[in-house]
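Take any residue in the sequence shown, note its place counting from 1, add 97, and you have its number in this note's numbering.
Think of the CB as a built atom: it goes at the ideal place given N, C-alpha and C, for glycine as much as any other residue.
Have a look at the structure below before the remarks.
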Amino acid sequence: MRYGKSIIPVALLLVIAGCDDDGVSVNPPEPSALVRVVNVNVDTGTVDFRFIDRVENLPTLLGVPFASSSGMYQPVAPGSRPLRVFPYSNDIDVTRIMLYDGQVTLEVDRRYTFIYAGRASTGDDELVVLEDPEPPTPPDGQIALKALHGAFGTGPVDVYIVPVESESDPTPDDFATSNAGVIRNVGYLQQSSYVNVPALTGTALYRFVVAATGSTAELFASTPNRPGIPTPEGQIYGAQPGVRVAGSVLTVILAPGTIPGTRGSTPANQAPSLFVVPDKPLDP
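Here is the structure:
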């Protein structure tokens, strides 16, 4: 009984210490780095990215399909962290295959993109850690775009940002001279600076036309269907970034085509393409 008498006041003190003046528990967030992952490896299909030194709630880093990302940045414990990449599968004999095993160093309040790229079957796969800049604030009526080159087998490129009325519209013949902007000389597994271009209206989208640096001959092009969603009328939350929503900050990622017959390869993804990921939310 004496133990009970001595423990009760201490417990009350602990509860009080963890609350503010309104009785609401206050737990300041732990220092963290911000991480997202991108999968553009041509022959491994969907993959899992796993930190193996501690348990963290990072479900979006699991089951990342080819030519896609984990979405918005996730908070991750900083420091030197062991990271592994595995094939995503329900077959334990597949999931025990280690595609990548290495250390990554993460600093507090820094933003990182991990890009898993190349071709595993020939030993040409790699995971590159890119430190991302702080997302800018575009001028009124505009969006900010940067390019990340993950297209294995393609040299440095220029990316032409061309407005079209729909995904099915042909690429204009004069895209090299009539465009909203150009991102120039982006090397493999590197990313560009941001450029500002007008936010689109109506049904328009941006077509991203890729050419070898210094050339205007199209290598490949895509029109990602990422219009975004403006803030609903009368509300302050609910906006989603996209090419029709002013203030959006986006990265357009170049992906190679998959190798026919390999994991995750389909006729739909066997040609090079581009896809768009948001760099910051729009809600206040």
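Checklist line | DSSP three-state assignment for D222, whether helix, strand or coil | finding: coil
Checklist line | First through last residue of the beta strand (DSSP E) which encompasses I258 | finding: V254 to V261
Check: Got a sec? Which residues, its chain only, sit under 7 Å from V294 by beta carbon, not counting five neighbours each side?
Finding: Q239, I240, L242, I258, A277 and G278
Next item on the list: Can you tell me which of F148, T143 and P184 puts its alpha carbon nearest to the alpha carbon of G199?
Entry: F148
Note to self: Since P179 and G344 should fall inside the 8 Å C-beta cutoff, what is the C-beta to C-beta distance between them, to a whole number of angstroms?
What the structure shows: With 8 Å as the limit, P179 and G344 do not qualify as a contact, their Cβ atoms being about 38 Å apart.
Next item on the list: Kindly give me the distance between the Cβ atoms of V134 and F249, rounded to whole angstroms, as I take these residues to be in contact under 8 Å.
Entry: Not a contact, Cβ separation roughly 17 Å.
Item checked: Inter-residue spacing [alpha-carbon to alpha-carbon] between F305 and N124 -> 44 Å
Notebook entry, point to check: What three-state label does DSSP hand T454 in the structure shown?
Noted result: This structure does not reach residue 454, given that the chain is present from 98 up to 381, and the question cannot be answered.
Notebook entry, point to check: If you compare alpha carbons, which of R181, A214, G252 and S312 is closest to V201?
Noted result: R181
Check: Span of the beta strand (DSSP E) holding V306?
Finding: L302 to A309
Check: How big is the Cα-Cα spacing for I189 and S265?
Finding: 42 Å
Check: Just the Cα atoms here: how many angstroms apart are T300 and P353?
Finding: 27 Å
Margin query: Measuring only the C-alpha atoms, how far is V173 from S275?
Written below: 42 Å
Check: Roughly how many angstroms separate the alpha carbons of D271 and G142, rounded to a whole number?
Finding: 36 Å
Item checked: Beta-carbon proximity of A308 to D255, cut-off 7 Å -> yes
Notebook entry, point to check: By the 10 Å Cβ neighbour count, where 16 or more other Cβ atoms means buried, how is V152 classified, buried or exposed?
Noted result: exposed
Note to self: Using only CA atoms, which one of N366, S290 and V373 lies nearest to Y303?
What the structure shows: V373
Check: Does the distance from the C-beta atom of D214 to that of N138 stay below 7 Å?
Finding: Rather than Asp, the amino acid found at residue 214 in this sequence is Ala. Their beta carbons are under 7 Å apart, which means A214 touches N138 by this criterion.
Margin query: Using a Cβ-Cβ cutoff of less than 8 Å, which residues in the same chain neighbour Q171 once the five nearest sequence positions on both sides are dropped?
Written below: L131, V132, R133, L155, T157 and L158
Next item on the list: Using beta-carbon positions only, say whether L379 and S319 come within less than 7 Å of one another.
Entry: no
Check: By Cβ distance, which residues of its chain are closer than 8 Å to S218, with the 5 residues on each side in sequence left out?
Finding: D140, I356 and T359
Check: To the nearest whole angstrom, what separates the beta carbons of F183 and M195, a pair I think is in contact under 8 Å?
Finding: 6 Å
Next item on the list: May I ask which residues mark the beginning and end of the beta strand (DSSP E) holding P375?
Entry: S370 to P375
Next item on the list: Whole angstroms is fine: what's the gap from R207's alpha carbon to V346's?
Entry: 17 Å
Checklist line | Simplified DSSP state of N366, which is helix, strand or coil | finding: helix
Item checked: 8 Å contact criterion, which H246 and L351 should meet: CB distance rounded -> 5 Å
Margin query: Within a Cβ cutoff of 6 Å, which residues of the same chain sit near G220, ignoring the five residues on either side of it in sequence?
Written below: none
Notebook entry, point to check: Any idea what DSSP makes of P126, helix, strand or coil?
Noted result: coil
Item checked: Minimum C-alpha distance to Y291 - residue among L227, I280, T298 and L297 -> I280
Margin query: On the DSSP letters alone, give me the boundaries of the beta strand (DSSP E) that V346 sits inside.
Written below: V346 to A352
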